[in-house]
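One structure is given here, and the rest of the page talks about it.
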Amino acid sequence: MSGPDDLERRLRALEDVAQINNLMSDYCWFADRGWERTAAQRGAGVAQLFTPDGVWHGGLGLKEGRAAIQAHFDFGNSSLSIHMAMTPYIAVDGDSASGAWRGLFTLTLPDNRAVWAGNGYRNEFTRTAEGWKLRYMSTVNAFTAQYEQSWQTKTSLRPLRSDARPA
Amino acid sequence: MAIASNDLRGRPLEERARRLEDIEAVRKLKALLCRYLDRGWEGAMAGPAPQIGELFTADAGWSGLWGTWAGREAIERGLAATGITFATNYAINPYIEVDADAARAFWHGLSALTLADGRAVWVAGKYEETYVRGPAGWRISRLIFHKAFVTPYEENWVKGNMSLPRVAGLPT
Chain C
1 MSGPDDLERR LRALEDVAQI NNLMSDYCWF ADRGWERTAA QRGAGVAQLF TPDGVWHGGL
61 GLKEGRAAIQ AHFDFGNSSL SIHMAMTPYI AVDGDSASGA WRGLFTLTLP DNRAVWAGNG
121 YRNEFTRTAE GWKLRYMSTV NAFTAQYEQS WQTKTSLRPL RSDARPA
Chain G
168 MAIASNDLRG RPLEERARRL EDIEAVRKLK ALLCRYLDRG WEGAMAGPAP QIGELFTADA
228 GWSGLWGTWA GREAIERGLA ATGITFATNY AINPYIEVDA DAARAFWHGL SALTLADGRA
288 VWVAGKYEET YVRGPAGWRI SRLIFHKAFV TPYEENWVKG NMSLPRVAGL PT
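For the protein sequence lines, the chains are C and G, in the order given. Quick note on numbering: my numbering labels position 15 of the first sequence as 15, and the sequence is numbered without any gaps. Start counting at 1 in the second sequence, then tack on 167, and there's your number in my numbering.
Printed below as a string of structure tokens:
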């Protein structure tokens, strides 16, 4: 098929990819913490990128809905964090899309240890009246390594939350 | 930051195609800047890239860790005077918005540098940039770098937060 309708559809798919890339960059930006120009409204900023029933599924738990996502990111675990999402693979199908990224993080844990971490994102997006939103984000840890060590050592983030006793 | 308007339906196809081309042009402009600033490894350029000034408008502004420079000439001189012997520059998390002949973008930056005194350092932060379309294509009109950390490799971003030496953009 060719013609103006087909061209419109192809342009729209490319526009969607551009907007989804911006959405993922916004996620990283809002999720950052503790340095110059990071967002004051961290949890609210992340939550509004999700649909009202959106789900964030990571190593630190399963958060369903904007309120739970907001609380999770407002609580935080790190005094400094940088989220870097790379290697995008984005597939648009009408009003839905999926995307995979590889992430790299620098974190400062509550006990002041500096940590490198790497992960894989698998996300699902949906087109809404307010633009593309995250319907589901899963993040799978590849490595968490204390700065002075390497990715062969496993540094746990979970016991270092302030609601748990340090290991 | 707001997501750019999601609904471009009804706009002329030529305008929509051009906007997508402009986003790619901004992406390439940033990639070239990173490449021109890379040093000391296979594929990087031997010295300051002669074309680097061409990436900027004549009246461009640069506000970064090395200094605050006004104008293309000051930026060229400043970047040529940092004395770094090794650099890999990553521009990550592009957020790009185009509005006709102007554009802006945010990028996270991560760089591995060897300074003139031989120290290896990690640099991380965020670039805030504006661009304009000129007769010869898109150019950077303003670049601001917001620091997250600069740390010697042997330390980390908790123990070793440091500053880079300031470099004058023009002879004083």
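Cβ atoms here follow ideal geometry from the backbone N, Cα and C, with glycine treated the same way.
Span separating the alpha-carbon of residue i from that of residue j
i	j	result
F312(G)	W29(C)	14 Å
W208(G)	R202(G)	11 Å
K195(G)	G304(G)	11 Å
M137(C)	Q70(C)	14 Å
E191(G)	H275(G)	17 Å
A173(C)	Y262(G)	Outside the shown range of chain C, which is 1 to 167, sits residue 173(C), and nothing can be said about it.
A47(C)	A272(G)	22 Å
A237(G)	D284(G)	27 Å
V317(G)	D268(G)	35 Å
A31(C)	E8(C)	34 Å
R127(C)	D74(C)	26 Å
G250(G)	L310(G)	20 Å
H72(C)	G43(C)	7 Å
L11(C)	W324(G)	43 Å
Y257(G)	L246(G)	17 Å
M24(C)	A85(C)	8 Å
V288(G)	L204(G)	15 Å
V115(C)	R178(G)	47 Å
G228(G)	V334(G)	15 Å
Y147(C)	G59(C)	20 Å
Status (buried if at least 16 other CB within 10 Å, exposed otherwise) for residue i
i	result
L180(G)	exposed
N112(C)	exposed
A254(G)	buried
E182(G)	exposed
Y294(G)	buried
L107(C)	buried
W151(C)	exposed
S308(G)	buried
E243(G)	buried
R265(G)	As written in the sequence, residue 265(G) is Val, which differs from the Arg given in the question. So V265(G) ends up on the buried side.
T231(G)	For clarity, residue 231(G) is Gly in the given sequence; the question names Thr instead. Buried: at least 16 other Cβ atoms inside 10 Å.
Local conformation of residue i per DSSP, three classes
i	result
D6(C)	helix
L107(C)	strand
E209(G)	coil
E264(G)	strand
W151(C)	coil
I20(C)	helix
E36(C)	coil
I259(G)	strand
G59(C)	coil
S25(C)	helix
G99(C)	strand
N- and C-terminal bounds of the beta strand (DSSP E) containing residue i
i	result
A237(G)	235-237
I82(C)	80-93
D74(C)	D74(C) -> not in any beta strand (DSSP E); alpha helix (DSSP H) instead, spanning 66-75.
T301(G)	Looking at the sequence shown, residue 301(G) is not Thr but Gly. 287-301 is the span of the beta strand (DSSP E), which, as asked, contains G301(G).
V46(C)	No beta strand (DSSP E) holds V46(C); the alpha helix (DSSP H) holding it covers 42-47.
D226(G)	223-230
L277(G)	269-281
The alpha helix (DSSP H) enclosing residue i, as first and last residue numbers
i	result
Q146(C)	Per DSSP, Q146(C) belongs to no alpha helix (DSSP H); it is in the beta strand (DSSP E), 131-146.
L187(G)	180-204
G118(C)	Looking at the DSSP string, G118(C) is not in any alpha helix (DSSP H); the run it does join, the beta strand (DSSP E), is 114-128.
Residue i: CB within 6 Å of a non-hydrogen atom of the ligand NAD
i	result
A184(G)	Summarising the ligand content, the structure contains no ligands, and the ligand NAD is consequently not present.
Entirely enclosed beta strand (DSSP E) segments - the region 299-336 of chain G, minimum 3 residues
304-319
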